[in-house]
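A short worksheet on the structure shown next.
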Amino acid sequence: MENRRIIIATALCFCIFLGWQYFAEYMGWVQPTPISTVSTQTEQNAVSDAFVEDTQSLEKAVPAFAPSEGKNITVKTPLYTAVFHSSGAVLQSFELTSHQEVSGPNSLPLNLVSEEAKLISPMGLLLNGQPSWNKGLWAVSSSDISLEAGQQNSLVFEGQMDGVNIRRELSFDAGTYLIDEKVTLSAPKGTAYIARIAYTLAATAYSPESSYDPMKIAWDMEGSFDENTDVDTLVEEGFVENGALYWGGIMNNYFLSAVAPASKQGALKARIQNDVWRLAVETTPVTLTGGESVTQSVSWWYGPKEQELLALAPNELEKALHFGFFGVVSKPLLWCLQFFYNFVGNWGIAIILLTICIKALFWPLTQKSYKSMEQMKRIAPLMEEVKKKHAGSKEDMSREMMQLYKTYNVNPMSGCLPIVIQLPVFIALYQALLNANSLRHAEFITYLPFTNILWLSDLSVQDPLYITPLLMGATMFLQQWLSPAVGDPTQRKIMLLMPVIFTFMFLSFPSGLVLYWLVNNILSIAQQWWTLRKV
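Using this note's numbering, read the sequence shown as starting at 19 and increasing by one per residue.
Printed below as a string of C-alpha cells:
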C-alpha cells in the first residue's frame, strides 16, 4: 500500500505540473513579473527615469507610423526579404523565406512585421524620447540590395533632428538573421548635447494563438534570462527593467525579434497596445561635444530561434532558446531527434526512434519496477495480516513491515523509482518539442489513411481529429489494467481514473508530444506483459 500511495502521489504531481501551464495561461492566473525600479548606480536611475517619462509621452504623441517623405528599400537574402523606409530606417516588412504562416502548400511566407506592428515603427530610433523617423530629415545612400550565399552588404541612412546629425549603418550577412548596426551622432561646433538613444521593437502574434505557444517579452539582465507573458499586466501597466541589459526582445516558442546593445547597459520598457507587443531599449546617455561624433553599436535579430545561428550571435542571444529547468537534458534530446531526422527525413518517425532509445535506456529500471510490483502483490496477504495484528501500534506495524520486506527481498520504493527518474526526461522532451523550430509545420502522416482529410500535418499543434490522444488514453488504461492489484480497491479505482485525466489534458497538447507518450505506452505495455508472464 505504501508503494501504491507513492505512485499515486507522483502521478498526481505529474498531472498538476502538466495541467498548470494550460490552466494558468487560459485562466490568467500567471503572476505578473515584478517591476524593477531599484538600481545601485546613479547613471542607471537617470536612464530609467527619463526613459519611462519619454516612452509614456511617446505612446500618446505617436500612435502611428507617420514618416517624412521617402521610399522603401528592399534587402533580399537567402533567408529573408526585409523592407525598410528611407525615413529613419524603420521596418515595413520582414518575410522569412523558409517559414510559412500556416502549414500547407499554398501558405504565404511568415511576415514578422504585420500591418499593425508596422504602425509602431519596429527598428526605429528614439532620440531623447522623440521618434527620429517622423521628426527628422532623412536620406539613404543606396538602393535595393540582393545578397547571394556568402555575401555581405550594408545600407546607410543619414538624417538630422534638433540640430543633431544621425547616421545609421545597417550591415547584412546572407548566412544569418543577425543585423549589425552602428549609430553615429554628431552636433555642430560650439554646442554640447546630451543624447539618449532608444531602439524600438513591435510585433503581433507570430503564430495562431495557443496556450502552448504564447507571445512573451524576454530579456537577459546581467547574464540571466527572464520573460513575461502576463498579458493583463502588460496591457494595463507595462513594466520597466534597467541595469546590465544584454538584450531585450519579443518572441514565442519559435521566432524572435530582439535588440542587443553592445554596451550591455541600459533600460527596457515593454507593454501591449491594441494587441501589438511593444518594446524599447534605451542605452546609457552620451554627451556630444560640438564638432565631435559618438558611435554606438547594436545588433538586431529578426528570425527563427535556430540554435546554431543564435550560438554565433552576440550578447548571449542564444538564451532566447530557453528549455526551462531541465534544459541540460532537453538539448541532448533535441540533438538526438535531429540526428534521427537526418537519416529518416520524417520528424514523426524520428520521435518514434527517440522514444525507443529512451525506453531502452530505462529498460532495466522499469523491469525491476514491474518485478517489484509483482512481488508486492504476492506478499499482499501477509501485509494485511501484519496490519490487523498491529492495528493499535503504528510503530510495531512499521517495524514488522520492514522485516517482511527484508525477508522477501522486496523494495517498496522500487515501483515508483522509474517514474521519478523518467519524469525529468519527459519534462525535458516536452520543452524540447515545444521549442524546436524544426518541428513547426513538421509532417508525420499528412492525411488520414485512405482519405484526403488533413491529420498529423503539423506536429507542433494538437491532433485536429483527437485520434492520438484518445489512443494514448486507451493504452494508458490498458497499462493500468495490466498492473498487479496492490492496495485497497479505492486506490486501484483512482489509478484507473488517471488515464481519463491524462487524455483530457493531452487533447490540446502538441501532437508530437502525444506521439511520444503513445509510443512509450505501447512499449511499456509490451515490456509489462513480457515481464509479468516471465515472472
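All C-beta atoms, glycine included, are put in the ideal place defined by N, C-alpha and C. This structure is a prediction, so every number in the text was calculated from the model and none was measured.
In DSSP terms, what residue i is bridged to
| i | result |
| --- | --- |
| I369 | Paired residues: none, contrary to the question. |
| T99 | K94 and E113 |
| E259 | L286 |
| N246 | I235 |
| I215 | L145 |
| D180 | Beta-bridge pairing links D180 to no other residue. |
| F190 | N171 and I197 |
| L474 | I463 |
| L203 | I184 and V312 |
| G267 | A236 and A276 |
| A210 | T307 |
| Q291 | V294 |
Separation of residue j from residue i, as counted between CA atoms
| i | j | result |
| --- | --- | --- |
| L188 | I91 | 12 Å |
| L379 | Q325 | 26 Å |
| L550 | L371 | 25 Å |
| Y44 | M401 | Its pLDDT being 38, under 50, Y44 is placed unreliably in this model, and the coordinates cannot settle the point. |
| A329 | P232 | 23 Å |
| G363 | L355 | 11 Å |
| T51 | T251 | Unreliable placement is indicated for T51, whose pLDDT of 32 sits below 50; no coordinate value is reported for it. |
| N271 | S416 | 50 Å |
| A460 | G342 | 23 Å |
| V65 | W365 | At V65 the pLDDT is 40, less than 50, meaning the model places this residue with poor confidence; the figure from the coordinates comes in the next sentence. Going from the Cα of V65 to the Cα of W365 covers about 48 Å. |
| L297 | V258 | 10 Å |
| A84 | L130 | Caution is warranted here: a pLDDT of 46 is assigned to A84, below 50, making its placement in the model unreliable, and the coordinate value is therefore given only provisionally. Straight-line Cα distance between these residues: approximately 20 Å. |
| R214 | K153 | 16 Å |
| K200 | I235 | 25 Å |
| A205 | R186 | 15 Å |
| I369 | G530 | 7 Å |
| H117 | T194 | 15 Å |
| N538 | L351 | 15 Å |
| S160 | S104 | 10 Å |
| Q283 | A331 | 17 Å |
| A409 | K395 | 21 Å |
| I367 | Y224 | 27 Å |
| R458 | Y230 | 12 Å |
| Q421 | K389 | 19 Å |
Segment limits, beta strand (DSSP E) that includes residue i
| i | result |
| --- | --- |
| A298 | V294 to T301 |
| T384 | First-last for T384: W381 to R396, but that is the alpha helix (DSSP H), not the beta strand (DSSP E). |
| Q325 | It is not in any beta strand (DSSP E) - Q325 instead sits in the alpha helix (DSSP H) that spans Q325 to L328. |
| V312 | S311 to P322 |
| L306 | V304 to T307 |
| L277 | It is Val, not Leu, that sits at residue 277 in the sequence shown. Element bounds for V277: F273 to P279. |
Residue i and residue j closer than 8 Å at C-beta
| i | j | result |
| --- | --- | --- |
| G142 | K207 | no |
| L144 | T218 | yes |
| K377 | L541 | yes |
| I163 | N171 | yes |
| G256 | A288 | yes |
| K323 | F273 | yes |
| E300 | A216 | yes |
| T384 | Y534 | no |
| L559 | T115 | Any property of residue 559 remains undetermined from this structure, which presents the chain solely from 19 to 553. |
| T464 | S475 | yes |
| T95 | F190 | yes |
| G181 | W156 | no |
| T209 | T313 | no |
| Q449 | F344 | yes |
| G266 | A276 | yes |
| A100 | V108 | no |
| Q545 | M516 | no |
| T222 | S132 | yes |
| V532 | T486 | yes |
| D198 | S121 | no |
| A220 | W319 | no |
| A338 | M269 | yes |
| I439 | L496 | no |
| L521 | L488 | The sequence given here has Thr at residue 521, not Leu. In this structure, L488 lies closer than 8 Å to T521 by Cβ. |
Alpha helix (DSSP H) segment containing residue i, residue limits
| i | result |
| --- | --- |
| F358 | G345 to V362 |
| G491 | I485 to L500 |
| D250 | V249 to E254 |
Interface flag, residue i vs chain B, CB-CB below 8 Å
| i | result |
| --- | --- |
| K424 | Among the chains in the structure shown there is no chain B, since it carries only a single protein chain. |
Check: residue i C-beta below 7 Å from any heavy atom of the ligand HEM
| i | result |
| --- | --- |
| F190 | The ligand HEM is absent from the structure shown, which contains no ligand whatsoever. |
Unbroken stretches of the alpha helix (DSSP H), 4 residues or longer, contained in the segment 104-175: Taken in chain order, the complete alpha helix (DSSP H) segments of 4 residues or longer contained in the segment 104-175 are 133-136 and 150-153.
Ranges of the beta strand (DSSP E) found wholly within the segment 401-467, counting only runs of at least 3: 463-465, all fully within the segment 401-467.
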